[in-house]
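Following: one structure in structure tokens, then a few remarks.
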Amino acid sequence: MRRQPRHRSIGLAAFLAAVLGIAAGSAASAQEPLKIGLLTDMSGFIVDYSGPGSVVAAKLAIEDYGGKALGRPVVLLQGDHLNKPDVGVSMAREWYDGGVRAIFDIGITTVALGVQNLAREKDRIVVFGSTGSPDITGSACSPNGIAWTHNSYTQSLGAVRALAAENAKSWFFLTVDYAYGRHVQRDTTAMVTALGGHVLGAVAHPIDTRDFSSFLLRAQASQADVIGLATTTAHAANVIKQADEFGIRAGGQKIAPLSFSLHDVKGLGLTSAQGLIVTEAYYWDLNDATRAFADRYKSRFGKMPNMVQAGMYGAVLHYLKAVDKAGTDDTTKVLAAMRSLPINDFMTKDGRIREDGRVMRDQYVFRVKSPSESKSEWDLYSFIERLPAEVAFPSAEAKTCPLMKG
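Next up, the structure:
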């Protein structure tokens, strides 16, 4: 019997080993989890705005998508940045270095800006849900960042328009002393002026204050038609309670919380919240589709979702669709797919991602119901108007973004 040359046998063995190795590697890759993370405030002053409720929404999206993308199981990490930039950026860095491809939600502006810079450095993706600063898609924009739900501009716009229609012309601001508050005051001032109104003054309060009496007395003394609360949702609720103790609204001045959401109204109660103007990207009772999601969410979490939490469902779902469309988790290709796919879910119809990272979606303006108008526990809003995406997020907003220039 003729023997095969030894070198030919070795070559065949090497070839088979290589083929088997590739197959084994492909199988391992197919089973390697696709990791995403939800980084937000789990214990601080905006916990009800996003927090564990956003985690529930993200999990629902993963479940509805089948739990896999690219044939790989989707794993959701969750973390609390404690509203501290160093903690948030450190956690995001650890996640990105550990294979997380995209991080969602974030919240406070200082953390968001740090994570946005890190995502660009690491060639990863960040999708903002509860971050309201327009700078995320303005001067600090990034090709790796997407602002999903709203910003402070849209939330202010609804209140300014509605109050201008009631002939409220003069404003005084009570502003939280950090970046978000200053952004809100800046943008709202421009809107008030554009509609023929004027600003009489402003006072800044520390982020950790609980006693607003001195600030409210200054606002009351201004005799402004409107006291604009350019502050966080939790702060605004406390301000409104204390303002009523001083009889400010009873004396004819209006209060405009410029970042209020569903859970803030619920927590404050209709007796105190009635008549306030709020602007949201989602309300559970808008239509059959919003009600259907809200019922599922409430059965899981015990509360109705607000716009941030509902938005996190849509953001995670859209990301997973884009990964499968791209056929890879490569950042550049997934971002291209996210931009090419229309956004369609229970709260968004034919939404799109603008070049600066802003998701273009309609917003809705509501007036908080009185106790006698409300028919059930979560029946809190009366519809005023719809703000089309192009009105809610005007093109001028994007001009400070370097990605929009040239």
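Numbering (the working numbering) for the sequence shown: 27 to 432. Positions of the beta carbon are idealized from the N, C-alpha and C atoms, including for glycine.
Between the CA atoms of residue j and residue i - distance to the nearest angstrom
i	j	result
Gln335	Ala260	17 Å
Leu200	Asp270	15 Å
Lys375	Phe419	16 Å
Leu139	Ile129	13 Å
Gly273	Ala247	12 Å
Tyr390	Pro414	9 Å
Pro99	Ala84	14 Å
Leu255	Met117	31 Å
Gln268	Ser159	27 Å
Leu183	Glu306	11 Å
Ala53	Asp350	Here the model assigns Ala53 a pLDDT of 47, short of 50, so the residue's position is not dependable, and the following value carries that caveat. Rounded to whole angstroms, Ala53 to Asp350 spans 17 Å at the Cα level.
Gly79	Tyr323	9 Å
Thr135	Gly125	24 Å
Asp161	Arg244	29 Å
Ser325	Ala250	44 Å
Gln279	Val394	17 Å
Gln104	Tyr91	19 Å
Pro111	Leu429	25 Å
Thr316	Leu406	15 Å
Met364	Leu226	44 Å
Ile253	Val73	25 Å
Leu89	Val82	It is worth fixing the name first, because residue 89 is Glu in this sequence and not Leu. Near 11 Å, if we compare the C-alpha coordinates of Val82 and Glu89.
Pro283	Arg412	19 Å
Gly97	Arg127	16 Å
Leu361	Ile233	35 Å
Ile379	Gln181	19 Å
Ser285	Phe392	13 Å
Gly93	Ala352	17 Å
Ala263	Lys359	43 Å
Val342	Ser240	43 Å
Neighbourhood of residue i by C-beta, 7 Å cutoff - its chain only, sequence neighbours within 5 removed
i	result
Val186	Thr214, Met217, Val218, Leu221
Gly223	Ala190, Lys195, Ser196, Trp197
Asp321	none
Nearest neighbour of residue i, chosen from the options [CA to CA]
i	options	result
Ile369	Asp356, Thr357, Asp355, Arg384	Arg384
His176	Asn170, Thr163, Pro169, Ala188	Thr163
His107	Gly124, Met68, Asp405	Met68
Asn170	Gln279, Asp382, Met430, Gln389	Asp382
Asp311	Phe319, Pro428, Gly124	Phe319
Asp123	Gln181, Asp112, Phe71, Ile62	Ile62
Phe409	Met330, Tyr309, Gln57	Tyr309
Thr357	Ala145, Leu294, Ser421, Arg380	Ala145
Trp404	Val265, Asp112, Gly277, Ser287	Ser287
Lys425	Cys167, Val252, Ser366	Cys167
Tyr204	His231, Gly93, Ser178, Tyr179	His231
Met338	Met373, Arg119, Ile233, Gly97	Met373
Leu294	Gly97, Val265, Ala87	Val265
Ala87	Ala352, Tyr345, Val360	Tyr345
Ser402	Leu102, Ser285, Arg119, Lys292	Lys292
His209	Asn332, Leu102, Ser165, Ala341	Ser165
Lys329	Tyr75, Asp355, Glu58	Tyr75
Val101	Arg119, Glu58, Gly77	Glu58
Where residue i falls: helix, strand or coil (DSSP)
i	result
Pro99	strand
Phe238	coil
Lys375	strand
Gly140	helix
Ala230	strand
Phe199	strand
Ala256	strand
Ile433	Nothing about residue 433 can be reported from this structure: the residues present for the chain run from 27 to 432 only.
Thr105	What sits at residue 105 in the sequence shown is Gly, not Thr. Residue state, collapsed to three classes: strand.
His407	For the record, residue 407 in the displayed sequence is Tyr; it is not His. It is a strand residue.
Ala128	strand
Ala282	strand
Arg119	helix
Ile274	coil
Thr305	strand
Arg29	Because the pLDDT at Arg29 is just 49, under 50, the model does not fix this residue reliably, and the value given afterwards should be weighed accordingly. DSSP places Arg29 in coil when its eight states are reduced to three.
Pro414	coil
Val73	coil
Lys85	helix
Lys267	helix
Lys292	helix
Close Cβ partners of residue i (< 8 Å) along its chain, the five nearest in sequence each way excluded
i	result
Ile132	Leu65, Thr66, His107, Gly114, Ala138, Val141, Val152, Phe154, Gly155, Ser156, Thr157
Pro397	Leu296, Thr297, Gln300
Gly377	Pro368, Ile369, Asn370, Val385, Met386, Arg387, Ala415
Ala50	Here Ala50 scores only 43 on pLDDT, less than 50, and its place in the model is too uncertain to base an answer on.
Gly277	Gln246
Own chain residues within Cβ distance below 6 Å of residue i, not counting five before or after
i	result
Ile48	Since pLDDT at Ile48 reaches only 45, below the 50 mark, its modelled position is unreliable, and no value is offered.
Thr257	Val202, Gly207
Ala173	Phe154, Ile162, Thr163, Gly383, Arg384
Asn109	Asp67, Gly70, Ile134
Asn332	Ser287, Leu288, His289
3-residue-minimum beta strand (DSSP E) runs that sit fully inside the stretch 144-183, ordered along the chain
151-154, 171-173
Ordered list of beta strand (DSSP E) runs contained in the stretch 315-399, each at least 3 residues
369-371, 374-379, 389-394
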